[in-house]
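Comments concern the structure below.
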Amino acid sequence: MAKSTGKALVIVESPAKARTIAKFLGPNYLVEASIGHVRDLPAGKKEVPEKYKAEPWAYLGVNTDSNFEPLYIVPDEKKKQVKKLKDALKQSDELFLATDEDREGEAISWHLHELLQPKVPVHRLVFHEITKEAIKNALTATRKIDDSLVNAQETRRILDRLYGFDMSNLLWRKIGKGTSAGRVQSVAVRLIVDRERDRIAFVDSTYWDLEAVFLTGKKESLQATLSTVDGRRIPRGTDFDSTTGKLKKKDLLQLNEAEAIALAAKLRTSDFKVTKVEVKPFTQRPLPPFTTSTMQQEANRKLGFTAKRAMSAAQRLYENGYITYMRTDSVTLSTEAITASRDLVRSEYGPDFLHPEVRVYKGKVKNAQEAHEAIRPAGTPFRVPETIRGELDSDQFRLFDLIWKRTVACQMADAKKQRISITIEGGGATFTASGTSILFEGFLRAYVEGSDNPEEELASKEKLLPNVKESDPLDTKSLDPKSHTTQPPARYTEASLTQTLEEKGIGRPSTFASIIGTITDERRNYILKKGSALVPTWRAFSVTRLMEQHFGTLVDYEFTAELEDFLDSISRNEGNREEYLRKFYFGDDSNDKHNVGLKNRLVEKLEEIDPKASAMFLIGKPDSGEFQDEVFVRVGKFGPYLEQGERTASIPEGLPPDEMDLTKAVELLEAGQVEEEPIGTHPESGKPIFVKVGRFGPYLQLGEPDDPEKRNQGLLKGMEVADLTFDLACKLLTLPRTLGEHPEMKAPVQAFDGRFGPYIKCEKETRSLPAGVSPLEVTFDEAMELLKQPKQRGRGTPKEPLRMYEKPSPITEKEVKILEGRFGPYVTDGATNASLRKDMDPKEMTFEAALDLLAERAAKGPTKKKKAAKKKATKKTATKKKAAKKKTATKKTAKKKGVAKKKP
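For what it's worth, our numbering labels the leading residue of the sequence shown as -10, then goes sequentially.
Written out as C-alpha cells, the structure is:
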C-alpha cells in the first residue's frame, strides 16, 4: 500500500481548468487533467481487442447480442495520460472527480472511476463556475456519481453508433466516399435542403405602389406609402403565393408599371390631408440571460462567430474563471448573480434604469437537468469588461462583453416606446406613414438583440415622424412609382439553424456546435457557405432524397424530437434503454413508429436502392431549339454535372442549386459543347488544344481526352476565356518556361504558375514573382535578380516568430513562441509543436492558452509515422510497376472520360 501523503488528487478535463482550480485549492491538492474522455467505443474494427474481432458486432463496438453492452477501449493517444493519472492516484489519499456537471462530464467521471479503480475515498465535485468561493462551497457538498446521467449519455452514444455506422456505410456504397449519416446531422441537412427546395419552387412576383413625400405646414417632410385606391388595398409581399406567384386574395389591386405611372400623374394634382393619427404606447422587456443556444445565435449575428468558434471562446472563458458553465439550457440566475446584476445597473446606468422588482425567467426546455444556471460572468461582484481586457484575447473579450451586457440587461427596466401611424387621403387614394419613437431606453441602453432579418432589424429602430394632427393639409413634394419583387425564404444561417433545431426539440445545447461543424465539414461536401448563409450541395440533395425515400422515419422531425425526449427520460430513470434499443435496431411486432428495425431494413435496402435514382434531378425540358431532351442534374463520383441526352456539362463549383434553372442549364450545356471543338493544333506537338471548363474554372487541355499523355494548364489569374487567343494558349502551354541556366548552380531557371501564384525556381530555391510580372514574360535577368534576394517565405529560410512569450515553458524551461508553418501557425516549447486552430489569432493568444495547446498535444504522444515500403530493385519488379502505372493511368483516363459521357 502506498504511503500516505495527505494529498488529494483532483481530476478535471483540461489543463486550463486544472491550472485555474489549482490556484484556489492550495498545496494539499494535486490537480491533473484527463484531457477529455479517457475511454470510448473503438473507432473501427482495428481498435477492437483481438478476442472480440471475430464477433459479428465487432465493427460497431457495441455487443448487440448481449443487451447492447458497449465495448470501451483506451485510445492509444490517451494511454500516456491514463498512466500519469494512475501514478498520481498512488500518491494520494483521496480522489475528487471534478469534471463538468452535464451528462458528458458525469460520464467522464464514471469512466475515470472504472479505469483507475481507486482504493481511496472518491468524491464527485461539481460547480457551475470556477471561482474560489464556488470551489470552496463545492468541497463541502460533494456527492456520488449520478448513474442516471451516465446511463443517459451512454445510451445516446450507443444509439448514435448504431445509427451512424451502419447508415454511413450504406451511403458510402450508394452515393460515395465521405458521406455520412447521423441521428441529428441528417435531420439538420434535411432542414437546409428543404429550405433550398422552397427557394427552387418559389415564383417571384412584381408589384407596384407609390412612394410619396408630403410637406407639412412647417415644411417638414413626411414620407408615406400608397395603401389603398378607391377602397382596394395595394398588396404586400406576404399577399402572394410563394409557389405560384399569384395573389392569394382576388380583391387586392395589383398595379403594373403603366398603371402606377398613370396613377402618380393623376394624384400629383390632388389635394391631400391627414385623416387619422394613432399613437400606441408599448413596452419592450429584456430577454433572458444566455443559454448555450442563444449565446451561439447572438455570437453569430453580432460577432460573426461560427458555433464552434463561439464555444471555443466560451470554453476558455469558463476554464479560466471568467464565466459560468457554458453548456446550459437554463435561463435562471442565482440570488447572488441577480444581486450582482442589479448592483451593476445602479452603478453603471443609474437607479432609473433598474427594474423595480427582481426579474425571474422561466425556460421552455422540458428537461433542463443539465444546467443549473444561465451563462453569466463568474463570481460576484461581476468584473466590468474593460478591467479584464488585457487578460483576454480578442474572441474571449468580445464574447465576455456580450455575456456581461446580456446578464446586466436582464435586470434593467423595460424600454418604453410608442408607435405612430398617420393616414393621409386625397384623390381617392390613401397613404400611410408609420414610425417608432423611444420614450425611455431602459435595458436598450445596455443591450439590443441582433436579428437575422435586416428588414426586421431596421423596422425595430427608432423612426421619428413630424408632429401633425387630423385635418392638417399637406403639400405633395414628390410622388414616384416604385416596383417591388417578392423574395424567396431566406437560407439558414448558423444562428437561425440553431434556433430552428431548438424550437423543434432536435439536439441539445452541448451538441449544436458539433452538429453544425459536422455538416459544414468540407470532406462531406454537404453544405457550402455563401456569406453567412448555409447552402446545400447537390450531394446533400442526393443524400436527403435517399434517406427520405428509404429511411423516412430517421429524418422525420417529430420522430427525432421524440427520440431526444426518450434519451432525456433515461436521465430521470423513466425510460427502458434495452427495450428501446432492441426495437430501434432489431424491430418487433408493434406499429410504433420507433419500431425502426434498422438492421433488417438496411439489408433489404442494400439491394433495393438504385443510387442513380437518388442522384438524378430533373431541371426541365426545352420547348424549342435543336436539343429538346429533358435536362437533369446528375450527382457523380467526381461531383455534379448536367446531362441532356448525350450532352453533358460540368456545374461550376459553388453554384447554388436554386440558381440552376433551365436557362442556366442550357447555357452551361451550350458552353460545354464548345469545349469539344479544338481551338487549334499545337505547332510543336501536333496535338489539338481544347478550352475546358471544370469545377474550378476554365483551363486548357493539350491532347485528346483519351490521350494518356494529355496535360492541362490553368489560365493565369485574371484571365477570361473571351480574351484567350490561339497564340496566348500556346504561350500558356509553354509553362513551366525554362529561362536559362544558373551560372553557379548549373541548373535550369524556370518560371511556373502555381497554386499560390506565379514563381520562379532553380533547384530548391523558389521566389514569388512580384505583382504585375507574368510567368509568360519574366526574363532570365529578372529571375536572377529575384534569386539573389533573401527568401521571404518557404521552408528553407528560418522565419521570424509571429509571437514570443516572456515566460519560459514550465515543462521544458525553453522559450515558448508561435511560428508560421507550412500548414499554418503553431506554438512550440522546443519539444512539442501544436497547431493553432482556425479560430485562434496568434497575436491575441495568451501564454496560458499556448500552454493548453502544448499540453493537449503532448498528451496524445508522438505522431505515428508510416513505415516506408521496402523497394526491390529487381528488373522484373520494375517492369511490373511500370506496366501497373500505365494501366492505372489508362483506368483513370477512362473514368474521367466516363464522367463526361456516361450516365452514373
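The beta-carbon is built from N, C-alpha and C at its ideal position, and this holds for glycine as well.
Which runs of the beta strand (DSSP E) spanning at least 3 residues fall entirely within the region 652 to 717, listed in chain order?
677 to 683, 686 to 691, 700 to 703
Using a Cβ distance threshold of 8 Å, determine whether the region 603 to 612 contacts the region 472 to 480, with at least three qualifying pairs required.
no
So what's I608 in DSSP terms, helix, strand or just coil?
Against the sequence shown, residue 608 aligns to sequence position 619. In this structure, I608 counts as strand in the three-state DSSP scheme.
Alpha-carbon to alpha-carbon, N309 and A(-3):
Within the sequence shown, the letter at position 8 stands for residue -3. Within the sequence shown, the letter at position 320 stands for residue 309. Going by the C-alpha atoms only, they are around 22 Å apart.
With DSSP run on the structure shown, which of helix, strand or coil describes E597?
Translated into the one-based positions of the sequence shown, residue 597 becomes position 608. Correct three-state label for E597: helix.
Are R566 and T144 touching if we call contact CB-CB under 7 Å?
Start at 1 with the first residue of the sequence shown, and residue 566 comes out as number 577. Start at 1 with the first residue of the sequence shown, and residue 144 comes out as number 155. Their beta carbons are under 7 Å apart, which means R566 touches T144 by this criterion.
To the nearest angstrom, how far is it from the Cα of L463 to the Cα of T227?
Position 474 of the sequence shown, counted from the start, is the residue given in the question as residue 463. Position 238 of the sequence shown, counted from the start, is the residue given in the question as residue 227. C-alpha separation (whole angstroms): 30 Å.
Residues of its chain near F616, where Cβ-Cβ distance is below 7 Å and the 5 sequence neighbours each way are ignored:
Position 627 of the sequence shown, counting from 1, holds the residue named residue 616. The answer, listed in chain order, is Q633, G634, R636.
Which one or two residues does DSSP pair with L82 in a beta bridge?
Here the question's residue 82 lines up with position 93 in the sequence shown. Per the sequence shown, the amino acid found at residue 82 is Asp instead of Leu. In DSSP, D82 forms no bridge with anything.
Cβ separation of L388 and A299, assumed to be a contact under 8 Å, to the nearest whole Å
For this step, residue 388 is matched to residue 399 along the sequence shown. For this step, residue 299 is matched to residue 310 along the sequence shown. With a Cβ gap of about 7 Å, L388 and A299 count as contacting.
Pop quiz: K803 and P797 are said to be a contact at Cβ under 8 Å. What is the actual Cβ separation, rounded to whole angstroms?
On the sequence shown, position 814 is the one that residue 803 refers to. On the sequence shown, position 808 is the one that residue 797 refers to. The Cβ separation is near 6 Å, so the contact holds.
Rounded to a whole number of angstroms, what is the C-alpha to C-alpha distance between K42 and Y48?
Here the question's residue 42 lines up with position 53 in the sequence shown. Here the question's residue 48 lines up with position 59 in the sequence shown. Approximately 8 Å, taken between the alpha carbons.
C719 in three-state terms, based on DSSP:
Start at 1 with the first residue of the sequence shown, and residue 719 comes out as number 730. Three-state result, C719: helix.
Given T283 as reference, the closest of R225, R316, E596, S175 once Cα atoms are compared
Residue 283 sits at position 294 when you count from the first residue of the sequence shown. The option with the nearest alpha carbon to T283 is R316.
To which residues of the same chain is T214 closer than 7 Å at the C-beta, ignoring the five residues directly before and after it?
Taking the sequence shown and counting its residues from 1, one reaches residue 214 at position 225. Excluding residues within five positions, the ones whose Cβ falls inside 7 Å are D198, E200, F420, T421.
For I0: DSSP bridge partner residues
Here residue 0 refers to the residue found at position 11 when the sequence shown is read from its first residue. E21, L86.
Using a 10 Å radius around the Cβ and a threshold of 16 neighbouring Cβ atoms, would you call K6 buried or exposed?
The sequence position of residue 6 within the sequence shown is 17, counting from 1. That one is buried.
In chain order, what residues of the same chain have a beta carbon less than 7 Å from the beta carbon of G234, not counting five sequence neighbours either side?
By one-based count along the sequence shown, residue 234 stands at place 245. Excluding positions up to five away in sequence, the list reads V192, D193, S194.
Pick out whichever of M793, T9, L256, P366 has its Cα sitting closest to the Cα of I413.
Position 424 of the sequence shown, counting from 1, holds the residue named residue 413. The residue with the shortest Cα to Cα distance from I413 is L256.
Grab the span of the beta strand (DSSP E) containing H473 for me, first residue to last.
Looking up residue 473 in the sequence shown gives position 484. Residues 462 to 474.
Label R846 either buried or exposed according to how many other C-beta atoms from any shown protein chain fall within 10 Å of its C-beta, with 16 as the threshold for buried.
On the sequence shown, residue 846 is found 857 positions in, with the first residue counted as 1. So R846 ends up on the buried side.
For H100 and A844, what's the separation of their Cα atoms in angstroms?
If you number the sequence shown from 1, residue 100 lands on position 111. If you number the sequence shown from 1, residue 844 lands on position 855. Distance between the alpha carbons of H100 and A844: 21 Å.
Is it the case that the Cβ atoms of Y688 and G703 are separated by a distance below 7 Å?
For the purposes of this step, residue 688 is taken as residue 699 along the sequence shown, with counting starting at 1. For the purposes of this step, residue 703 is taken as residue 714 along the sequence shown, with counting starting at 1. Going by C-beta atoms, Y688 is nearer than 7 Å to G703.
From E491 to E93, what distance separates their C-alpha atoms?
Your numbering for residue 491 matches position 502 in the sequence shown. Your numbering for residue 93 matches position 104 in the sequence shown. Cα to Cα, the separation comes out at about 19 Å.
Using CA coordinates, which residue listed in E659, K699, Q407, E673 is at the minimum distance from V682?
As a first step, residue 682 is located in the sequence shown; it is residue number 693 there, counting from the start. Taking only the C-alpha atoms, the option nearest V682 is E659.
Cβ pair F371, L333 closer than 7 Å
Along the sequence shown, read from residue 1 onward, the residue named residue 371 stands at position 382. Along the sequence shown, read from residue 1 onward, the residue named residue 333 stands at position 344. Against a cut-off of 7 Å, the Cβ pair of L333 and F371 comes out as a contact.
Considering Cα atoms alone, identify which of F679, E730, E733 is closest to A718.
Taking the first residue of the sequence shown as 1, we reach residue 718 at position 729. With distances taken between Cα atoms, A718 lies closest to F679.
Which of the three DSSP states is assigned to A5 in this structure?
In the sequence shown, the residue the question calls residue 5 occupies position 16. Note: A5 maps to helix in three-state DSSP.
Run the CB neighbour count on D240, radius 10 Å, all protein chains shown included, and call it buried at 16 or more, exposed below.
Indexing the sequence shown from 1 puts residue 240 at position 251. By the neighbour-count rule (16 or more Cβ atoms within 10 Å), D240 is not buried but exposed.
Taking C-beta to C-beta, are S301 and E833 nearer than 7 Å?
As a first step, residue 301 must be located in the sequence shown, where it is residue number 312. As a first step, residue 833 must be located in the sequence shown, where it is residue number 844. Cβ atoms of S301 and E833: not closer than 7 Å.
C-alpha distance - S330 paired with Q285, whole-angstrom precision
As a position in the sequence shown, residue 330 is number 341, starting the count at 1. As a position in the sequence shown, residue 285 is number 296, starting the count at 1. One C-alpha to the other measures close to 22 Å.
With a threshold of 16 other CB atoms inside 10 Å of the CB of G785, please say whether the residue is buried or exposed.
Sequence index remark: in the sequence shown, residue 785 carries index 796 (1-based). Because G785 sits at a pLDDT of 42, beneath the cut-off of 50, its placement in the model cannot be relied upon, and the following sentence gives the value as read from the coordinates. With fewer than 16 Cβ atoms within 10 Å of its Cβ, G785 is classed as exposed.
F501: first and last residue of the uninterrupted alpha helix (DSSP H) it sits in
For the purposes of this step, residue 501 is taken as the residue at position 512 of the sequence shown. Looking at the DSSP string, the run of the alpha helix (DSSP H) that includes F501 is 501 to 508.
Those residues which DSSP pairs with F420 across a bridge:
Taking the first residue of the sequence shown as 1, we reach residue 420 at position 431. DSSP output for F420 lists L215, I413 as bridge partner(s).
Where do the ends of the alpha helix (DSSP H) carrying H539 lie?
Residue mapping note: residue 539 aligns to position 550 of the sequence shown, counting from 1. That run of the alpha helix (DSSP H) goes 527 to 539.
Alpha-carbon to alpha-carbon, N822 and M793:
Position 804 of the sequence shown, counting from 1, holds the residue named residue 793. Position 833 of the sequence shown, counting from 1, holds the residue named residue 822. Computed Cα separation, rounded: 14 Å.
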